[in-house]
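Worksheet: the structure to be examined is printed underneath.
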Amino acid sequence: MSDDILLRMRNIRIDGKTGDDWLPIIQGVDLELKRGEVLGLIGESGAGKSTMGLAAMGYVRDGCRIAGGSIEFEGTDLAKSSVAYCRKLRGKKIAYVAQSAAASFNPAHRLIDQYSEAPVIHGVMNRTEADTDATDIYRRLQLPNPDEIGFRYPHQVSGGQLQRAMTAMAMSCRPDLIIFDEPTTALDVTTQIEVLAAIRDAVDQFGTAAIYITHDLAVVAQMADKIMVLRYGELVEEADTRTMLSAPTQAYTKSLWAVRSFKSAAKAAPAPDATPVVSLRNVSASYGPVPVLHGVSFDIHKGRTVAVVGESGSGKSTAARCITGLLPPTEGEILFNGKALPPSFKKRNKDQLRQAQMIYQMADTALNPKQRIRDIISRPVEFYLGLTGKAKKDRVDALLDMIEMEPDVFGHRYPQELSGGQKQRIGIARALAAEPEFIICDEVTSALDQLVAEGILRLLDRLQSELGLAYMFITHDLATVRSIADEVVVMQHGKVVEQGPKAEMFRPPHHPYTDLLLSSVPEMDPDWLTDLLAARERGEVVSELPPA
Amino acid sequence: MTDISDPSALSADAEAPRVAQETARQRTLRAFRSAPITAWLGMIVIAIYVIVAVFAPVIAPYGEREIVGDQFELRSAEFLLGTDNLGRDLLSRLIYAARNTVGIALMTTFFAFTLGGLLGMLAATLGGWVDQIISRIVDVLMSIPYIIFALLFLTVANTWIGQMDNPSPWLYTAALIAIMALLDSTRVYRLTRAVAMNIVVMDYVEAARLRGEGLFHIIRKEILPNATAPLIAEFGLRFCFVFLSISALSFLGLGIQPPTADWGSMVKDNATLVSFGEIIPLYPACAIAVLTVAVNFVVDWMLHRSSGLKE
Amino acid sequence: MHPILSMALRRLALGLLTLLVISIVIFSAVEMLPGDLAQEILGQSATPETVAAFRKELGLDKPPVERYFSWLGGVFQGDFGKSLASKREISELISGRFANTMFLAGYAAVIAVPLAVVLGLMAALFRNTWFDRFVNVFTLSTISFPEFFVAYILILLLAVGFPFGLALPFGLLGLWIAVEGYGAMKENFKINKSPLIPVVFLLIGIGLIINMVMGFMGVENWNPITKEVRAFPSIANISPESSLADRLDRAFLPALTLTMVVTAHMMRMTRAAIINLLASPYIEMARLKGMSPWRVIIKHALPNALAPIINVIALNLAYLITGVVVVEVVFAYPGLGQLMVDSVTKRDITVVQACCLVFAVTYILLNLIADILAIATNPRLLHPK
């Protein structure tokens, strides 16, 4: 059966240069791939997934080196082969699909010129054949106007289409193996479906083997025949997709699977006559002359979480900027405990500023790298509450305890000496230090690995029940909504398309956009994509965005 | 689906980051140990210049303005490098010039940084019309080569000073420093503004604004500590530029005025010797070149390091 | 309107506005002068009546705004007014000199631009190798040298002869270049099988060692490059009657000085621009499509590198203009820069003003052309949505 093996990596080790030292990125992983098989490579950021994928092409990035092991492609060891030999394989036998199509297409050339380049240079087809072939593949991948789209430049084509055009380009020489490096990570969920479907079709039709790299378990469940889990450059577990999903053996893998199990306890609905902590009344806003919010209204009550959901550009972050006063609304008003807030934060008094705090998506940029943890947290304590000396120190210690970090261990550290999750906890502590009633959480978990995100959600939930905080939770991830929200606001094109309690939102009937959004979120079931596409075919579910 | 009750027990949070923990001093020491030979060379040379400049009266065999021999005397035991066009000891003047030339260039760079740096931070933090006005003025000042403006402004300033009764020679130097500092501050402004702009968009600055912090606190506590590394490297580069510019002006006879010893004007005074194959005029020029090369080596290493750490 | 056209027009308008503001600044410089211009020209002995009449003739009795517009109007017709020192028409003084300066700058540019772009490209391609490190050290040194230092070294080497005092350092430098250069070539071009390269480097090294030894033995003024032929003139005193060949010969040393300084700057900037570009994901994509290194450069990097390279060239041509001021003085070259320095010394403000304006216009126009070219080669603007 050994003829069946297309790619075999043995004990592969890759080092990366940090400063003057070589540190291992991949520490001895074995990999086997049969012809026509799709392997899912998953892991958290920094697990070495992309490095593995590129190594399968005999390629390492600048500042990396292959330190040992073999990469046998069709029986030839690429690690020992000449550069010229590898070059002949790349593009022809092994192709690559990058994460950002917009950055990976050359802006100076038309799509079709870039499509034809590899087949012509590798001598697979002549230019005329390649051009005809391009149109054919574009059609198969269901790109609009397949006869014309090739004659456009990359910046003239939308993100989802560009990603499909890149998959088409990878297909141009009918390679034996394609490396997909997080091809849908940069896309919105509704666009992601089209690209996933296109990739799967293409791989099926030509019987191409593939390595599909992603951090999203639900996505890999749709694409792969078997799955490898990587962590810190080492293999954790390997099994076929269904076994891996139903019966993982390693504790780490089980913990990854378990992430979606957390759900906050149901809370009693607020009294009908209760004054909401924050209330948006018909708020409109614009960036310069471009309107971005159109008459948005919703309430946030004490002790409750309102999740604001939407894709990029839907206006959910803009709504938060209006509440904080960074972007004064052009129309409408924002009430805080029933009283109208001045539109700009510059006009608000200290107490108004203190009441509404914010936790940011990127903990890296939210904490000043030149300040110690203790200084970061003590500033609001000192600034708003006027505490100094021992009182200030005690308060900061209490806050650190509250976020489950020992004051003596972490207080004197700088942010870069903490992990991503720890940094996010410090962001939470800084918000709590102001003793607010209301906190805006802007995608607080989306930059974190799933396991760490889970811990943050639990912490936020606990703090809410202890302190009676109101949260506005901005997210694009419906799984997060399911676990933490009490109410849901769905936004599209700067408008609220639907809002209500969580239980109602996850039960039909929906607004068509909510429907599309909900149905587009990948699920762990390996048959989900097939079923969804079939359902869309039959017209049972919405498959197109309603017009703006 | 799973039997783990609390997945955060396995959380990566529980682990410290996998980068080795180092104190700031250890990091600095390690950086110095791994410095390339060029950087070491640069640092040693700079140290020598500083020592010579500080102890000039002790080291120099004769006084700065003392006429001790005939014109253009050759090398001898008495005058190690010979004498200049007026019969002053060349070696002594070379040593004293380290004080004057480097000192004036340092002062100019310092003023340029104070002015340009402050305005750059303000423009980046305040934005709006403050930024617009300062930036447009800087655009105009930078739209033509600095030397053209320098010559124009120096003419005006020197004419003014020349009309005074018994003007002090230091007035000319002060005018030179003021003009060069003003012209160079435009470049400092552009860089500081760009660096500060990158910091201003950070969420921690937004957080400080939303907290209600004042402008001064934001600049001092949030922006400045994060801008120092690129600004220190830039200080080295600006110093080189100012140093070379002032030397060029002195060479043209428009910079530091006699009888103050200065490398640029020393080259000019003794230039005739070059046509006779004599290299005396090149010693001061060499002194300029060696110092700028040394500073550039050190700055190059610092820039290389800071860009390498970003990745 | 096509976006390129509108962008270019906007840039043009901005350039003209800048010129206008600069002309105001230059004009006001004279206004800021102490004393009376008419008195200055006529001297202390002139009677008050003569001065008053002369003031009227110069238009000094009119308000500054009116004078500014009449000055600007005069400039457009090539009338810059009179020199305070020589009382001659300024336009006469500067026309020939401006042509000389442009000739010198052009001479240097013709050598420097192709040299710097090719060397910069090579340094970028072979980055972090010995070749790159050597080039880095060499160019860093060159830009750290004052222009007059480079000029005098070249005079010593090529015009006067090889002096004793410099023989040892230059011999060592030559040896170092030979060794490093050979190592770099071997490492990067994999052409160590060709005997030509080591032989060439060996010859250069031996030549320099002989030179060094001769220097030690006291054989001064011996120069293997020029002595037998003829030394290059160290005074570039060209006149309007000089033939082209004569001009090229006399201006050789100043042009070479400028070339050295500008090439170093331009190389470093080209290298930085190309390295920046080579880090783009689309370059990695081209490599992963199995394209050869040269194809990656020519087909994928170069079309996108045009704009940054054009900018680098323009910036350095403009830099040449500042460089000529010092170099013209060293070589006594009759150009605009020398005139300007002379006039500053004599405090001849009207001439300084005119020179300033001419330099400013040239500089701004050069930058304008470069910006418009860069706009015109941007694919995003060439093919709008």
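Residue numbers (the numbering used here), protein chains in the order written: chain B, -7 to 540; chain A, -10 to 300; chain F, 31 to 415. Every residue gets a Cβ at the ideal spot worked out from N, C-alpha and C, and that includes glycine. Since the structure is predicted, the reported quantities are computational estimates derived from the model, not experimental observations.
Asked	Found
In whole angstroms, what separates the C-alpha of proline 248 of chain A from that of methionine 110 of chain A?	40 Å
Does the Cβ of serine 224 of chain F have 16 or more other Cβ atoms within 10 Å, making it buried, or fewer, making it exposed?	Bear in mind that a pLDDT of 44 at serine 224 of chain F, under 50, signals an unreliable position, so the model cannot answer this.
Let me make sure I understand the geometry here. Which of A:Ser264, A:Ala24, A:Lys210, A:Gly244 has the alpha-carbon closest to that of valine 356 of chain F?	A:Gly244
Which residues in chain F have a C-beta closer than 7 Å to the C-beta of alanine 90 of chain B? List them in chain order.	Pro311, Met315
Can you give, in chain order, each stretch of the alpha helix (DSSP H) that sits fully within the segment 305 to 375 of chain B and has at least 4 residues?	308 to 316, 342 to 347, 355 to 358
Near proline 6 of chain A, which residues of its chain fall below 6 Å by C-beta distance, leaving aside the five closest residues on each side in sequence?	The predicted position of proline 6 of chain A is uncertain, since its pLDDT is 46 and thus under 50; no value can be drawn from it.
Count the other CB atoms, across all protein chains shown, that sit within 10 Å of the CB of asparagine 346 of chain F; report buried if there are 16 or more and exposed otherwise.	buried
Rounded to whole angstroms, what is the Cα-Cα separation between leucine 69 of chain A and threonine 148 of chain A?	39 Å
Below 6 Å CB to CB, which residues in the same chain sit around proline 338 of chain F once its five sequence neighbours on both sides are set aside?	Ala303
Per DSSP, what are the beta-bridge partners of isoleucine 219 of chain B in this structure?	B:Gly32, B:Ala231
Among the residues of its own chain, which have a CB less than 6 Å from the CB of tryptophan 14 of chain B, if the five just before and after it don't count?	Asp7
Would you identify the three-state DSSP class for cysteine 56 of chain B, choosing helix, strand or coil?	strand
Among B:Asp517, B:Pro518, B:Glu490, B:Val388, which residue has its Cα nearest to the Cα of aspartate 507 of chain B?	B:Glu490
Given a cut-off of 9 Å, decide if alanine 445 of chain B and threonine 472 of chain B are closer than it, judged by their beta-carbon atoms.	yes
Beta carbon of valine 119 of chain A, beta carbon of isoleucine 185 of chain F: below 9 Å?	no
Since methionine 483 of chain B is in the beta strand (DSSP E), which residue starts that stretch and which ends it?	479 to 484
To the nearest angstrom, how far is the alpha carbon of lysine 384 of chain B from that of valine 373 of chain B?	7 Å
Should tryptophan 324 of chain F be labelled buried (16 or more other beta-carbon atoms within 10 Å of its own) or exposed?	exposed
With three or more beta-carbon pairs closer than 8 Å as the criterion, would you say the segment 174 to 183 of chain A touches the segment 382 to 397 of chain F?	no
With 16 other CB atoms within 10 Å as the buried threshold, where does leucine 82 of chain A fall?	For the record, residue 82 of chain A in the displayed sequence is arginine; it is not leucine. Classification for arginine 82 of chain A: buried.
Answer with buried or exposed for valine 39 of chain A, where buried requires no fewer than 16 other C-beta atoms within 10 angstroms of its C-beta.	exposed
Am I right that tyrosine 321 of chain B and serine 276 of chain B are in contact with their C-beta atoms under 8 Å? What's the rounded C-beta distance?	A quick correction: the sequence has proline, not tyrosine, at residue 321 of chain B. Indeed, because the Cβ distance is near 6 Å, the residues count as touching under 8 Å.
Is the beta carbon of aspartate 78 of chain A closer than 9 Å to that of valine 57 of chain A?	yes
Run the CB neighbour count on alanine 266 of chain F, radius 10 Å, all protein chains shown included, and call it buried at 16 or more, exposed below.	buried
Would you identify the three-state DSSP class for proline 99 of chain B, choosing helix, strand or coil?	coil
So, is the C-beta of asparagine 285 of chain A closer than 9 Å to a C-beta in chain F?	yes
Distance cutoff 9 Å, beta carbons only. Does lysine 299 of chain A sit that close to anything in chain B?	Its pLDDT being 34, under 50, lysine 299 of chain A is placed unreliably by the model, and the measurement read from it follows with that caveat. Judged by the 9 Å Cβ criterion, lysine 299 of chain A is not in contact with chain B.
Using a Cβ cut-off of 8 Å, which residues of the segment 310 to 323 of chain B contact any Cβ in chain A, in chain order?	Thr316, Gly317, Leu318
Could you name the residues that DSSP lists as bridge partners for leucine 274 of chain F?	According to DSSP, leucine 274 of chain F bridges with nothing at all.
Would you list, in chain order, the members of the segment 349 to 360 of chain F that have their beta-carbon closer than 7 Å to a beta-carbon of chain A?	Ile351, Thr352, Val355, Val356, Val359
Since I believe alanine 222 of chain A is in contact with methionine 169 of chain A (beta carbons under 8 Å), could you give me their beta-carbon distance rounded to a whole number of angstroms?	Methionine 169 of chain A to alanine 222 of chain A, Cβ: 20 Å. No contact.
Between the C-alpha atoms of threonine 467 of chain B and leucine 410 of chain B, what's the straight-line distance to the nearest angstrom?	24 Å
Just to make sure I have the definition right: I need the residues of chain B whose C-beta is within less than 7 Å of the C-beta of proline 25 of chain A. Which are they?	Neighbours of proline 25 of chain A on chain B: none; closest Cβ ~11 Å, over 7 Å.
Using DSSP with H/G/I as helix, E/B as strand and the rest coil, what is tyrosine 51 of chain B?	coil
In angstroms, rounded to a whole number, what distance separates the CA positions of lysine 41 of chain B and aspartate 22 of chain B?	13 Å
Quick one: Cα of valine 228 of chain B to Cα of tyrosine 244 of chain B, how far?	8 Å
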